[in-house]
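From first to last, the protein sequence lines stand for chains A and B. The opening position of the first sequence corresponds to residue 1 in the working numbering, with each subsequent residue numbered one higher. The opening position of the second sequence corresponds to residue 1001 in the working numbering, with each subsequent residue numbered one higher. Worksheet: the structure to be examined is printed underneath.
There are 2 protein chains.
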Amino acid sequence: MRTIAVREDIRDLILDAADRLLSRYGYQKMTMDDLAREVGVAKGTIYLHFAGKEEVTLSVVDRIVERAKRELEAISKSDREPAARLRLMLIARVMVRFDNVRHYTENLGDLLAALRPALLARRARHFEEEARIFAVVLREGQRAGVFVRRDVSATAHALVLATNSLLPFNLSTRELGEREDVERQAARIGDLFIDGL
Amino acid sequence: MRTIAVREDIRDLILDAADRLLSRYGYQKMTMDDLAREVGVAKGTIYLHFAGKEEVTLSVVDRIVERAKRELEAISKSDREPAARLRLMLIARVMVRFDNVRHYTENLGDLLAALRPALLARRARHFEEEARIFAVVLREGQRAGVFVRRDVSATAHALVLATNSLLPFNLSTRELGEREDVERQAARIGDLFIDGL
DNA sequence: ATATGACTAAAATACGATATTAGTCTATTA
DNA sequence: TAATAGACTAATATCGTATTTTAGTCATAT
Chain A
1 MRTIAVREDI
11 RDLILDAADR
21 LLSRYGYQKM
31 TMDDLAREVG
41 VAKGTIYLHF
51 AGKEEVTLSV
61 VDRIVERAKR
71 ELEAISKSDR
81 EPAARLRLML
91 IARVMVRFDN
101 VRHYTENLGD
111 LLAALRPALL
121 ARRARHFEEE
131 ARIFAVVLRE
141 GQRAGVFVRR
151 DVSATAHALV
161 LATNSLLPFN
171 LSTRELGERE
181 DVERQAARIG
191 DLFIDGL
Chain B
1001 MRTIAVREDI
1011 RDLILDAADR
1021 LLSRYGYQKM
1031 TMDDLAREVG
1041 VAKGTIYLHF
1051 AGKEEVTLSV
1061 VDRIVERAKR
1071 ELEAISKSDR
1081 EPAARLRLML
1091 IARVMVRFDN
1101 VRHYTENLGD
1111 LLAALRPALL
1121 ARRARHFEEE
1131 ARIFAVVLRE
1141 GQRAGVFVRR
1151 DVSATAHALV
1161 LATNSLLPFN
1171 LSTRELGERE
1181 DVERQAARIG
1191 DLFIDGL
């Protein structure tokens, strides 16, 4: 029992340490020895939990997306009306990511360049998963008669796509601009979608 | 007279040649000697028209955006109703770019990586210029009472922003997917904006 | 059963020598 | 005499090789 508890725990500790080192030094300059020292375990231990350096780093990214998805789920189940929920969800998917990479001041480009192919592959999956959550609310809105009847899955993907250029995938937070500007832009896209032109 | 005509002409010939070489070999591997040979002039001649290699390459990009802008202008002045015009303009800004970088099968990433800072700076200006054209149609639609009254400039920027993730800025055409899929996605975003959810 | 860290093969870095290339500039041409 | 050419140069990139660093493994310890 205790074993499992520790095991779960150490995984997150490794990801926390990796997040710190990646934001400070970038992907290339974070060594597995650094990481082990930062976590406070031996190097071999990391390999008991992750397949390798790339896998650790991708898991850091996955965890951020998981946080975004949890936030989306929470909003999608709140008791606001569907339109308001979608609007907040659009903002949330942008801002959770923004806030989670804020401390990567310089070294995000390095990380993205190094893992580009693997990251691209995951991106498609991440967007798909987020679109699913949007689709639930869309369906509900259509059933309630407050949304135009339209292909739910396609519409969900369009909502995701329309906010993608605000994600810190290739634009660092520095390049994206101030937090409040980013939030305002996401909100504006949400407003337009809800009311139409 | 003839001098000026030739001058204008050679500029475009240089950009044509650069476009060919860049798409075939990428930024690093295109040498100014190659370029001169491809154009059929001496190297010094190129420097009479462009400040340098980077400037030539950025001008290739600028020319593509100019084409997109011309297309936007044309659509904005067509005799369709404002909503239809905006929809076509959203699709056009994506597709003109898509079609103009289609032949860059592998070497787009190289080019983008090499000129990233300069390219980022221009992007902001390009988007601004496109937004201006959108704003004209938006204003017209609002005056005619077919659009909700809203901040025109902000709305125009939101329209541009929402289609930006379909542009081949960091995603190559290969990564973006099939032409018809890209067009369908742009159209869907346009539809959503026009009618609302 | 889990964790460790010395170990190894592979990859990155350093460096001096060589080759290539961007950009210049004077001679040439139309 | 204005536009073009291409030889020239300083700067940058590439190469070959020696050296160092690092990702990932595995026999041993807890």
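We put the beta carbon where it would ideally sit given N, CA and C, even for glycine. In this text the structure is predicted, and so the values were computed from the model without any measurement.
Residue environment: residue 1040 (chain B) is assigned as exposed (fewer than 16 neighbouring CB atoms within 10 Å of its CB, all protein chains considered).
Considering only B:1016, B:1010, B:1067 and B:1068, the residue with the shortest C-alpha distance to residue 1047 (chain B) is B:1010. Membership of residue 1128 (chain B) in the alpha helix (DSSP H) is indicated by the continuous run 1108-1143. Of the candidates A:177, A:62 and A:78, the residue whose Cα lies closest to the Cα of residue 115 (chain A) is A:62. Rounded to whole angstroms, the gap between the alpha carbons of residue 1103 (chain B) and residue 146 (chain A) is 44 Å.
Residue state for residue 60 (chain A) is assigned as helix, using DSSP reduced to three classes. As the crow flies, the alpha-carbon of residue 1101 (chain B) is around 43 Å from that of residue 49 (chain A). In the three-state DSSP reduction, residue 47 (chain A) falls in the helix class (H, G or I). Secondary structure of residue 168 (chain A) (DSSP, three-state): coil. The beta carbon of residue 190 (chain A) is closer than 6 Å to those of 87 and 90 in its chain, skipping five residues each way along the sequence. In this structure, the straight-line span from the alpha carbon of residue 121 (chain A) to that of residue 127 (chain A) is close to 11 Å. Residue 177 (chain A) does not reach chain B, its nearest Cβ partner there being about 10 Å away, counting only Cβ pairs nearer than 8 Å. In the DSSP assignment, residue 1096 (chain B) falls within the unbroken alpha helix (DSSP H) covering 1082-1100.
The beta-carbon of residue 88 (chain A) is placed no less than 7 Å from the nearest beta-carbon of chain B. Proximity of the stretch 1154-1171 of chain B to the stretch 1123-1140 of chain B meets the contact definition, three or more beta-carbon pairs being nearer than 8 Å. For residue 196 (chain A), the C-beta contacts it makes with chain B under 7 Å involve 1193, 1194, 1195 and 1196, in order along the chain. Residue 155 (chain A) and residue 71 (chain A) have their C-alpha atoms spaced approximately 20 Å apart. Contacts with chain A at 7 Å (Cβ-Cβ) do not include residue 1096 (chain B).
Cβ neighbours of residue 1036 (chain B) within its own chain (closer than 8 Å, five residues either side excluded): 1042, 1043, 1045 and 1046. Judged by DSSP secondary structure, residue 1039 (chain B) falls within the alpha helix (DSSP H) whose first and last residues are 1032-1039. Between the stretch 1019-1036 of chain B and the stretch 1051-1070 of chain B, the count of C-beta pairs closer than 8 Å reaches three or more; the two stretches touch. Only buried fits residue 76 (chain A), as 16 or more other CB atoms lie within 10 angstroms of its CB.
Of all residues in the stretch 1144-1177 of chain B, the ones placed with a Cβ closer than 9 Å to any Cβ belonging to chain A are 1146, 1147, 1148, 1150, 1151, 1154, 1155, 1157, 1158, 1159, 1161, 1162, 1163, 1164, 1165, 1166, 1167, 1169, 1170, 1171 and 1175, in chain order.
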